[in-house]
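My numbering applies: residue 927 is where the sequence shown begins, and numbers increase by one. Some notes on the structure that comes next.
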Amino acid sequence: MKKIIFATENQGKMREIRSILSDLKAEILSMKEAGITVEIIENGRTFEENALIKARTVAAAISEEEDVAVLADDSGLEVDYLNKEPGIYSARYMGEDTSYEEKNQNIINRLEGVPKEQRTARFVCAIAAVFANGESFLTKETIEGYIGWEPAGENGFGYDPIFYVDEYNCSTAELPAEVKNQLSHRGKALRAMKEKLVCREK
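What follows is the structure, encoded as structure tokens:
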């Protein structure tokens, strides 16, 4: 496996991905860096289904001769008090063009007056790997926490500023990158996927 193409154009994700997979002997590229422009229709009903849809769509644009793994993640925030919204629609919540500042504030507003014990939430991440021969792997991990009363921190992206973890008493956007990568749903799912990829290469 000489190359890994990750089906995202999100540079925040790419930083985390490169950090966690840095010890793999493979070039790690985003879709844009690999020159791939395809329309991905996320019509799955679960994080796992959407991750596979993304990976298979991008893999279909690659020559079968290439020694490439296409990875894709589908991740999101589940807020228990809001019936696990926004869930698989996290990126499209309130519209794809709506800023995360607005999305985060909307969630905080909807939880006004709700006590901490009812503000439980989790980040979920499913990662799919697809190869030219049709072989595929899946991993899924979570991180448990709660929705804070105000956004805080500059080290994350998306919903990180409102997602708090008890262990550190701060938001995931306030955590140093190395700590966040150890705790995060994506970090855990990526490490689990890395194990599968390493075993495949043996």
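Even for Gly, the Cβ is constructed at its ideal location relative to N, Cα and C. Quantities reported herein were computed from a predicted structural model and do not represent experimental measurements.
Chain-order list of residues whose beta-carbon lies under 6 angstroms from that of residue i (same chain, five-residue window excluded)
i       : result
Gly1084 : Tyr1026
Asp1006 : Thr1046
Three-way DSSP call (helix, strand, coil) for residue i in this model
i       : result
Tyr1007 : helix
Val1105 : helix
Ser1016 : helix
Asp993  : coil
Asp1023 : coil
Asp949  : coil
Residue range of the unbroken beta strand (DSSP E) whose run includes residue i
i       : result
Ala1047 : 1046 to 1057
Arg1071 : First, the residue type needs correcting, since residue 1071 is Gly and not Arg in the sequence shown. Per DSSP, Gly1071 belongs to the beta strand (DSSP E) from 1062 to 1073.
Phe973  : Here Phe973 belongs to no beta strand (DSSP E); instead the alpha helix (DSSP H) covers 973 to 985.
Glu931  : At residue 931 the sequence reads Ile, which differs from the Glu that was named. Residues 929 to 932.
Tyr1090 : 1089 to 1091
Host alpha helix (DSSP H) of residue i (start-end)
i       : result
Tyr1026 : 1026 to 1036
Lys958  : From DSSP, Lys958 is part of no alpha helix (DSSP H); its letter is neither H nor E.
Arg1124 : With the sequence shown as reference, residue 1124 is identified as Val, and Arg is not the correct amino acid for it. Looking at the DSSP string, the run of the alpha helix (DSSP H) that includes Val1124 is 1111 to 1127.
Gly1079 : Note, Gly1079: premise wrong, no alpha helix (DSSP H); not H, not E.
Lys939  : 937 to 946
Own chain, CB closer than 7 angstroms to residue i, minus 5 neighbours either side, in chain order
i       : result
Gly1013 : Gly1002, Glu1004
Val1118 : One point to set straight first is that residue 1118 is Ala, not Val, in the sequence displayed. Thr1065, Glu1067.
Whole-number beta carbon distance between residue j and residue i, since they are thought to touch under 8 angstroms
i       : j      : result
Ala1058 : Ile988 : 7 angstroms
Ile931  : Val984 : 6 angstroms
Ala933  : Val994 : Rounded, the Cβ-Cβ distance is 12 angstroms, inconsistent with contact.
8 angstroms Cβ shell around residue i - same chain, five flanking residues per side excluded
i      : result
Leu906 : Limits of the chain in this structure are 927 at one end and 1128 at the other, which puts residue 906 out of reach.
Chain B within 8 angstroms of residue i, Cβ atoms only
i      : result
Ile962 : Checking the listed chains, one finds no chain B in this structure; it contains a single protein chain.
contact_flag[the segment 1047 to 1058, the segment 992 to 1006] where n(CB pairs < 8 angstroms) is 3 or more = yes
inquiry  = Check whether the segment 965 to 972 and the segment 944 to 954 touch, using three or more Cβ-Cβ pairs below 8 angstroms as the test.
reply    = no
request  = Would you check if the segment 1094 to 1106 and the segment 1032 to 1043 touch, i.e. whether three or more CB-CB distances between them fall below 8 angstroms?
outcome  = no
query = Is it a yes or a no for the segment 1105 to 1112 touching the segment 937 to 946, going by three-plus beta-carbon pairs under 8 angstroms?
reply = yes
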